[in-house]
Each structure stands twice: as C-alpha cells, then as structure tokens.
Amino acid sequence: MALVRLAADDDVEGWRAAARGLALAGVPADAVHWQVGDGPADLFADAEPGVPPPAPGAEAFSVPRRFVELAETALLHADPERFARLYALLLRLRDQPRAIEDRADPLIRTIEDMAKAVRRDMHKMHAFLRFRAVEEAEGERFVAWYEPEHHIVRANAGFFVRRFSTLRWSILTPQLSLHWDGISLAEGPPGQRGDAPDADPAEAAWKTYYASIFNPARLKTAAMLREMPKKYWKNMPEAALVPALVADAQRREREMIMTAQTSPAGNATLALEALREEAAQCRRCPLWKPATQTVFGEGPAGAPLMFVGEQPGDQEDLAGHPFVGPAGQLFDRALGDAGVDRSRAYVTNAVKHFKFEPRGKRRIHAKPDSGEIEACRWWIEQERDIVRPALTVALGVTAAQSLTGRSITISRARGAPVRLADGGECWITVHPSFLLRIPEADRKAEEYARFVDDLRRIGARLAELTG
Amino acid sequence: MAQLDLRAKLGILADAAKYDASCASSGTRKRSSEGQAKGIGSTEGMGICHAYAPDGRCISLLKILLTNSCIFDCHYCINRKSSNVRRARFTPAEVVELTLSFYRRNYIEGLFLSSGIIRSSDYTMEQLVEVARSLREDHHFRGYIHLKTIPDADPLLIEAAGRHADRLSINVELPTESGLARLAPEKSAPRIEGAMAGVRHKIEDRQDARRRYRSAPGFAPAGQSTQMIIGADAATDRDIMTKAHGLYDRHALRRVYYSAFSPIPDASAVLPLKRPPLIREHRLYQSDWMLRFYGYSLADISAAADPASGMLPLDMDPKLAWALRFREHFPVDVNRAPREALLRVPGLGVKAVNGILAARRWRRLRLEDIARLTRSVVKLRPFLIAEDWRPVRLGDRLEVAPPPPRQQLELFAA
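So the protein sequences, as listed, match chains F and W.
Just so we're aligned: the first sequence equals residues 46 to 512 in this note's numbering.
Just so we're aligned: the second sequence equals residues 531 to 944 in this note's numbering.
Written as structure tokens, this is what we have:
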C-alpha cells in the first residue's frame with residue numbers, strides 16, 4: 046500500500062507528479078491511499094508514505110491532452126474518491142490512450158460528471174457571489190462571503206482579477222480567503238460569514254430592480270429553482286424577496302385582468318374594426334385559398350347577445366356578410382317570430398372562410414374539420430373578448446364544438462345553458478340550414494317551431510340577464 | 531431624498547422593460563481589465579446569469595428603459611401613449627452610475643438599455659448612444675452593453691451605437707404584417723426589416739475590415755437580435771417559424787426571442803386579455819433550436835405542426851411530433867447512423883450525439899452505454915437500435931406519445 050499526501054484539496058500539481066511516479070512504479074490503483082494534508086493515517090499505518098521508485102525498464106509516457114484538462118477540473122471535486130478514480134483512468138490510458146474517447150464508459154462518465162459539477166460550481170460562483178462595499182483607510186474595499194461546494198476558490202480567482210482588477214476586493218470562504226489590492230493576489234486563512242459586512246448601500250436599489258423586473262403574469266418557480274437552487278439563496282440579498290413575490294403574483298395577475306374587464310369598453314368598436322381588418326388577411330388554415338374573402342362577424346361591439354353559426358355559405362362568401370343567404374333569411378324570420386331583436390345581436394361564424402367542393406358550376410358546402418375549427422377559434426375568442434356578450438348562442442354542432450371545445454349532440458344539449466371556459470353563458474340549438482334540409486313539410490314545420498321556441502327562451506333568458 | 535427618487539425611477543423603468551425577453555450576455559469579444567490602469571469589467575465569451583426571477587427568466591443585464599414616455603401608441607405595450615402608467619426618465623449620467631454601482635458588486639454582466647420614443651427617433655437614439663459612449667469612453671467599462679435600436683434613427687447614430695455596444699436589437703414586435711397594422715399602427719414592417727438589413731451590412735463590413743486591420747473599430751461584435759410577441763395576433767406557429775427563419779436568413783440574426791403576450795396593467799381594449807399558454811412559447815424555442823442546431827429545415831418544422839391549424843402540439847416537443855409523423859425514419863441504429871439521423875432522435879441532444887459518435891469509434895454501443903450519455907433512455911428506446919436492443923415497430927408503441935389526459939366522464943350530462 047502506498048500513501049500519497051497532497052498539499053491541499055486542489056493540489057492538482059501534487060497529484061500529477063505523484064500519479065506519474067506511481068504509474069512508473071507500476072502501483073495498481075487499489076494499492077494507493079490518497080490523503081490531503083498531514084493528518085495521521087491510522088487506517089493505513091502500514092502504508093509506505095511517498096512514491097516508490099520507478100520499476101526497472103519503465104518508460105516515460107504521455108497521456109492525451111483531453112485527459113489533462115479533464116483531470117484539472119475533476120480534481121477540484123469534493124468527492125474524496127476523485128484522486129483514485131483519476132489515477133485508475135490514468136493507468137488505463139497509459140496502455141490505451143484512445144480510450145478517453147469512449148465517453149459511454151462508466152469510469153469516464155463518472156469523471157466527466159464530476160468535472161461538469163465542478164464547472165457548474167465555478168460558474169455559479171461567478172454568478173451568485175455578491176460584493177459588499179466597506180470604507181477602509183485606503184478607500185473602498187469590496188468584500189464577499191461565499192460557500193462553494195467544491196474546491197474551486199483558487200481556480201476561480203483569475204476571473205475576479207480579470208473583471209475587478211482596478212478595485213480592491215476580498216473573497217472569504219470556509220476554505221481560504223483571497224485578497225486583491227489592485228496589483229497582486231494574497232491568500233489568507235479561512236473566513237466566517239460574520240467577517241464580511243452584512244449590508245451595502247446599493248442593495249436597496251438592487252432589490253427594487255429585482256422585484257420590478259419580475260413579471261407576475263408568468264410565474265415559473267420551477268424554472269427559477271432549477272438554475273438558482275435554494276442552497277445559494279442565503280448569500281444573495283435579492284433572494285429574500287422571492288417568497289413574497291411568488292405569493293403576490295397570482296393576485297396581481299388577476300387584478301390586471303379584472304381591471305381590464307371592468308374598464309369601460311370605450312374603443313371596443315375600434316378594436317373590432319381593427320380585428321376585422323386583420324382577419325381579412327387570415328392565413329391560419331388553408332381555407333382562405335379557394336374562398337373569395339373572410340366573412341367576419343357583424344353587429345354592435347357592445348351586443349349583449351352573440352350568435353355563432355357554422356361557416357359562411359356560397360352567398361355569404363360572395364357578399365362578405367354573415368347570414369345573408371337562404372339560411373340567414375330563415376334565421377331572420379325565426380328571430381322575428383320569436384321576438385328577438387337582431388339589431389342588438391352580434392352574428393358571426395365558427396369558421397370564417399367558405400369551405401366547399403366544386404361540383405360543376407356549383408360550390409357545394411363542405412363541413413369544416415376540427416383542425417379548421419381549431420385554427421379559426423382564435424378569431425371567435427378575440428371577438429368574444431371584445432364584445433363580451435351576456436349570452437352566446439351556438440347554432441349547430443360546429444359552433445358548439447368551437448365554443449365548448451368538445452363534440453356535442455344538439456338533441457341532448459339544447460334547451461339548457463352551458464357554462465363556457467371564459468365564464469360566459471351559452472345556449473345550444475340547431476343551425477337554420479338544418480331546417481332547410483328537411484324534405485317533409487310537416488317535420489320541417491315542427492322543427493321550425495322548436496327552433497323559434499328555443500330562440501324565444503333565449504330571448505327571455507337574455508332579458509333576465511340584462512335586466 | 532435624491533436616492534429615494536432614483537429608486538422610485540428604477541422601479542418604474544425596470545417594470546417598463548420587463549416585457550423584453552432578451553437577456554443574453556454571451557458571444558461577444560473577450561475583454562479583460564487585468565493590467566489596465568483604469569476602468570472595470572470583462573467578458574469571457576460565456577454569458578452569466580447573475581440571478582433568476584420567479585418568472586424563471588435570467589437576470590444577466592441591468593435591463594431598463596431610459597424613459598417610459600412614448601409618442602407611439604402600440605396596443606400591446608404598457609408604455610404606449612394612451613396608457614395610464616406612471617412615467618419616469620433617467621438622465622444618461624444616472625444610468626451610467628447605476629450600471630457601474632451594480633457591476634462593482636457583481637450583480638450584473640452589463641447594461642441592456644432601451645427607451646420609449648420621445649420627441650423624435652433621432653433624439654431618443656442620441657440619448658441611448660450617450661449612455662453607452664460615457665460608459666465606454668469616460669469610465670472604460672468593459673462589460674456587456676446591449677442597445678435597443680430605433681428603426682428610423684439616423685445611420686450615423688446607429689453607427690455610433692454599434693461602436694460602443696456588444697449587441698444591437700430591433701424588435702419586429704409581431705410576426706404578421708396585419709398584426710402589426712392592428713396593434714402597432716405607427717410601426718412599419720418594411721422599415722424595421724430595412725434597419726435590420728442595415729445593421730447586418732455594417733456588422734459584416736466591419737468583421738471583414740477587422741480581419742485585415744486589427745485596429746479597425748468593431749461593430750456590435752455580439753451581433754443583432756430581435757423579439758416577437760406571441761399570441762397577440764393571429765399568427766400560427768407555422769407563420770411564426772416561417773418569419774423567424776426568414777429573419778435568420780435575411781439578416782443573419784444571432785437570436786430571435788419569442789415572448790408570450792403577457793397581460794399588462796391598463797391594457798388597451800384592442801388586445802386579448804388572456805395570455806397564451808406559456809408552453810407555446812417553449813415549443814417555439816424548441817423549434818428554433820431545431821432549425822439552428824439540429825439540421826431541421828423550415829419544411830420539417832411545418833410538417834411537425836398540425837396540417838390544418840398550423841399549430842405545434844402543446845403536449846409534446848416538436849422533435850417528438852416530427853418523429854411521430856415520420857415514423858419510417860426510425861428506429862435509428864446508434865452504431866451506424868450518420869450524425870444527422872442521430873440528431874433527429876427525440877431525446878438525443880447535440881452533446882449526447884457527439885458522445886455517441888466518439889464512443890462508437892471505440893466499440894459497439896449497448897443500451898446501457900446510451901443510458902450513461904443521456905438523461906432518459908426509456909423515452910429514447912423506441913427510436914433506437916443498439917447492440918443489444920431492437921425495438922418493436924414504432925407504430926405499435928403507445929408509450930412514445932404522451933397519454934391523453936384523462937377526463938372524468940359526466941354522469942348527468944345534459
């Protein structure tokens with residue numbers, strides 16, 4: 046058993062010299078005990094301190110540069126096994142230098158993970174270390190207290206020298222302290238948290254900044270914690286604000302939405318006009334190509350009642366207005382019979398382009414598929430956000446699917462209100478074109494009466510809702 | 531008292547800047563203060579995030595506006611003319627002092643300065659440039675500076691901005707022109723893109739000059755970036771990625787940021803009140819990565835989206851969506867497949883692929899080897915052939931797609 050004493054936890058040079066000697070002496074990896082400092086080695090009392098002489102005939106060898114880089118980083122890891130692991134890898138590379146390329150090998154993987162952890166720790170120290178200013182006789186000094194996870198303090202000194210070379214600063218850690226006077230770096234004994242100043246005049250401004258740059262409408266605490274785990278918080282002044290910011294975030298977002306919803310819809314007409322103009326250019330699904338134009342909703346911006354149909358038909362597509370074809374005329378008649386004032390209603394369609402199949406000279410209506418309904422839902426939602434009707438009526442299954450997001454059977458859903466995701470009240474009934482397609486006159490009249498009945502009930506409910 | 535005023539202003543002007551997603555402090559030229567008599571700061575290539583806010587965003591730069599007063603009336607913007615938000619204005623000297631004070635305490639990597647437009651585009655740009663100039667020339671600041679550029683500003687001012695700043699950015703704001711017309715009526719897409727083209731030209735010109743003369747002045751060494759707001763106009767994911775691809779292509783942008791439209795206090799009635807799901811923003815970033823680092827073409831990304839609605843699925847990442855649509859490309863043999871094919875395996879990142887390529891020169895890889903190179907081999911397995919592993923036909927495997935969310939059936943549904 047060989048016993049190697051290294052000067053310090055980050056004694057990379059000492060390890061390198063010892064490892065080379067051990068390899069030349071032909072000492073296997075499990076016959077070396079690595080120790081940091083001069084502590085007693087009771088467990089290995091029989092171990093030979095120092096590196097044995099080279100075995101006869103042993104030749105100097107070189108290892109790939111990649112190994113040297115990997116070792117320089119991984120040796121800073123806190124794991125006491127690091128020296129032995131790297132030595133084991135060194136012995137293997139001596140015989141097979143190219144084995145370093147095998148990144149799927151368990152030993153190489155372990156060492157690479159160690160190096161990765163060290164690099165992350167170094168990076169987090171660059172990021173999360175906070176200086177506090179103190180007045181000294183010679184002027185201002187910036188002092189930080191930091192607790193790294195691995196033995197990275199010396200290796201990290203260069204970064205702070207390059208960045209803050211014209212300042213005077215000190216970094217205190219539980220392992221050692223570093224002091225820079227503007228010209229040279231000095232090392233000192235381990236520090237304690239109490240040795241560093243406990244406040245700084247700029248911290249109040251920094252906390253103001255931290256609290257203000259946070260957007261409460263997009264809370265993502267898991268993402269924050271992944272990059273800034275709680276173990277770092279104790280030395281970061283701004284982290285003290287996190288719990289309160291998180292607790293308050295939802296209230297602030299709700300408040301924003303509430304204020305917006307209760308504010309008078311002064312420019313709702315303008316908003317609707319602007320939306321209509323944007324919709325004229327809609328390319329959200331391929332239906333715009335064969336269609337003549339976008340047929341957008343129509344009606345007052347403050348309408349308490351919104352009717353949503355399926356899609357424009359042949360005549361609507363040519364005219365650019367919803368519900369002007371045969372179904373529209375039937376709809377108008379039914380509204381009249383039910384005593385509902387169409388001029389107070391906003392009328393629109395679930396899909397805003399005419400979908401058809403050409404058959405000879407005629408364009409035959411084709412049912413929009415769920416992808417097209419989904420693509421067009423964006424417009425319905427915008428319209429609903431602006432108009433904010435007290436009551437919405439879905440005419441037919443397509444409209445019902447667009448509004449509720451699921452497939453609905455009219456016969457089961459009609460006659461009772463449905464609560465929409467945005468809180469609005471929705472009633473479902475048939476589409477007027479369904480009435481046009483019934484061949485038998487008596488059934489047609491029967492269904493028409495039912496439709497008028499539905500509309501009458503909707504009218505009554507609207508009167509209730511709007512007072 | 532003056533101190534308090536400055537803090538109040540900082541609160542207002544940081545709050546006003548938080549809707550800009552950009553935070554990068556990477557990719558610029560290396561600078562160091564070691565051996566320098568004056569000044570402060572360094573950049574070492576890699577960006578540093580000095581803190582994270584509870585919204586998951588990194589805080590790398592002091593991101594503020596010079597002023598939140600604005601003569602424009604863009605509906606999505608909290609600083610628009612018609613908004614009732616409190617207004618404030620920093621002097622250039624105050625911004626310089628604040629930046630240096632934060633930098634000395636290791637709070638930040640540098641400054642990201644933007645501004646509402648006051649008086650004129652030129653006047654505003656002049657003020658922004660003055661801050662950067664003072665930091666660089668009066669204080670020898672070697673940290674990172676990102677300046678927002680105003681599209682119609684005088685080319686001489688853009689020139690000065692690029693001389694001092696590491697990165698310039700001009701926001702395209704909205705992915706569609708019709709959206710821009712509706713929500714930012716005073717802005718014009720051709721003008722914005724014209725300014726981007728100008729910046730690209732200067733960057734390339736100066737890179738070329740520096741290759742020949744080391745002393746040639748630099749111009750925005752960290753390039754230019756832009757931001758698009760997602761969910762405020764009718765653009766689909768396919769539209770957005772088409773736009774982003776065009777911007778990368780035409781203007782050699784370093785980054786396109788996607789920012790899910792966020793409800794703002796005192797919102798304009800022209801705007802949707804709801805925010806789009808934040809996961810949509812995430813999916814767009816994933817497709818952006820696929821375009822830039824994984825060798826996917828725009829057509830590939832489009833094919834991953836739903837053919838009718840043009841939207842990427844929210845419940846799986848776009849790489850998995852693509853793989854599920856093109857099952858014939860899988861499984862891929864980890865011991866033989868070319869790099870391009872490996873990069874298309876859902877769950878294999880660039881690093882893991884590099885690891886596989888290096889390791890397989892050495893020996894044939896088994897599934898446990900892949901497990902050591904990646905996070906979750908269970909998700910990868912259906913797409914891979916390894917020395918000791920051959921999956922059953924992908925089409926029959928349910929575990930590949932996330933299970934549909936379960937819904938409680940309604941007992942008494944009408």
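Ideal Cβ placement from N, Cα and C applies to all residues, glycine included.
Bear in mind the structure is a predicted one, so any value in this text is a computation, not a measurement.
Proximal residues to residue i (C-beta, below 8 Å), its chain only, five neighbours per side dropped
i: glutamate 624/W; result: Leu536, Lys539
i: asparagine 455/F; result: Checking the sequence shown, residue 455/F turns out to be isoleucine, not asparagine. Once the five neighbours on either side are set aside, the close Cβ partners of isoleucine 455/F are Gly441, Val442, Ala445, Ile473, Thr474, Val475.
i: leucine 928/W; result: Because the pLDDT of leucine 928/W is 48, which lies under 50, any placement of that residue in the model is unreliable, and the number read from its coordinates should be weighed accordingly. There are no such residues.
i: glycine 728/W; result: Pro685, Ile688
Length of the line joining the Cα atoms of residue i and residue j
i: proline 513/W; j: leucine 595/W; result: The structure shown does not extend to residue 513/W, since chain W is modelled only from 531 to 944, so the question has no answer here.
i: proline 720/W; j: valine 702/W; result: 10 Å
i: tryptophan 251/F; j: cysteine 607/W; result: 25 Å
i: glutamate 298/F; j: leucine 315/F; result: 26 Å
i: alanine 105/F; j: alanine 70/F; result: 11 Å
i: glutamine 141/F; j: aspartate 75/F; result: 19 Å
i: serine 552/W; j: tyrosine 787/W; result: 6 Å
i: glycine 640/W; j: alanine 662/W; result: 11 Å
i: isoleucine 900/W; j: arginine 911/W; result: 9 Å
i: alanine 119/F; j: arginine 111/F; result: 12 Å
i: leucine 115/F; j: leucine 138/F; result: 13 Å
i: methionine 655/W; j: proline 242/F; result: 40 Å
i: glutamate 723/W; j: serine 708/W; result: 15 Å
i: glutamine 737/W; j: proline 288/F; result: 47 Å
i: glycine 460/F; j: aspartate 796/W; result: 39 Å
i: alanine 944/W; j: alanine 390/F; result: Its pLDDT being 49, under 50, alanine 944/W is placed unreliably in this model, and the value from its coordinates should be taken loosely. About 26 Å.
Per-residue DSSP class, three states only, for residue i
i: valine 49/F; result: strand
i: methionine 281/F; result: coil
i: glycine 640/W; result: strand
i: tyrosine 787/W; result: strand
i: alanine 835/W; result: coil
i: asparagine 260/F; result: coil
i: glutamine 754/W; result: strand
i: proline 309/F; result: The predicted model places proline 309/F with a pLDDT of 46, which falls under 50 and marks its position as unreliable; any figure quoted below should be read in that light. Note: proline 309/F maps to coil in three-state DSSP.
i: leucine 592/W; result: strand
i: arginine 495/F; result: helix
i: glycine 748/W; result: coil
i: cysteine 579/W; result: coil
i: tyrosine 633/W; result: helix
i: tryptophan 214/F; result: strand
i: threonine 474/F; result: strand
i: threonine 339/F; result: coil
Whole-Å CB distance - residue i paired with residue j, under 8 Å assumed
i: glycine 236/F; j: tryptophan 190/F; result: 7 Å
i: arginine 805/W; j: serine 789/W; result: 11 Å between Cβ atoms; not a contact.
i: alanine 752/W; j: arginine 697/W; result: 4 Å
i: serine 832/W; j: arginine 768/W; result: 5 Å
i: phenylalanine 913/W; j: valine 862/W; result: 6 Å
i: phenylalanine 187/F; j: arginine 634/W; result: 6 Å
i: valine 369/F; j: glutamine 360/F; result: 6 Å
i: threonine 337/F; j: leucine 363/F; result: 6 Å
i: valine 396/F; j: glutamate 355/F; result: 7 Å
i: histidine 781/W; j: arginine 730/W; result: 5 Å
Contact set for residue i: own chain, Cβ-Cβ below 7 Å, skip 5 residues either direction
i: leucine 895/W; result: Val864, Asn865, Ile886, Ala889, Ala916, Glu917
i: leucine 500/F; result: Ala379, Leu380, Ala383, Val385
i: valine 883/W; result: Arg869, Leu872, Leu873
i: leucine 375/F; result: Pro477, Leu480, Leu481
i: tryptophan 60/F; result: Leu51, Leu120, Phe128
i: glycine 646/W; result: Leu595, Thr597, Asn598, Ser599, Cys600, Asn609
Close-in-space but distant-in-sequence residues of the same chain around residue i (CB under 6 Å, 5 per side omitted)
i: tyrosine 469/F; result: Looking at the sequence itself, residue 469/F is glycine, so the reference to tyrosine does not match. Around glycine 469/F: Thr437.
i: leucine 264/F; result: Ala294
i: histidine 605/W; result: Leu713, Ser798, Val800, Leu801
Proximity test, residue i beta-carbon vs the ligand GTP heavy atom, cut-off 7 Å
i: leucine 212/F; result: Judged by which ligands are present, the structure shown has none, so any question about the ligand GTP falls away.
Output needed in chain order: residues of the stretch 138–159 of chain F with a Cβ under 8 Å from some Cβ in chain W.
Cβ contacts with chain W: Arg143, Ala144, Glu146, Asp147, Arg148, Ala149, Asp150, Pro151, Arg154.
So if I threshold CB-CB distances at 7 Å, which residues from the stretch 635–648 of chain W count as touching chain F?
Per Cβ criterion, the list reads Arg635, Asn636, Tyr637.
Closer than 7 Å, Cβ to Cβ, to anything on chain W: give me those residues from the stretch 192–223 of chain F, in chain order.
Result list: Val206, Arg207, Arg208, Phe209, Ser210, Thr211, Leu212.
Chain F contacts made by the stretch 613–628 of chain W, where a contact means CB separation under 8 Å:
Within the stretch 613–628 of chain W, the residues whose Cβ lies closer than 8 Å to some Cβ of chain F are Leu628, listed in chain order.
Given a limit of 9 Å on CB to CB distance, which residues of the stretch 107–124 of chain F reach chain W?
Listed by position along the chain: nothing, the set is empty.
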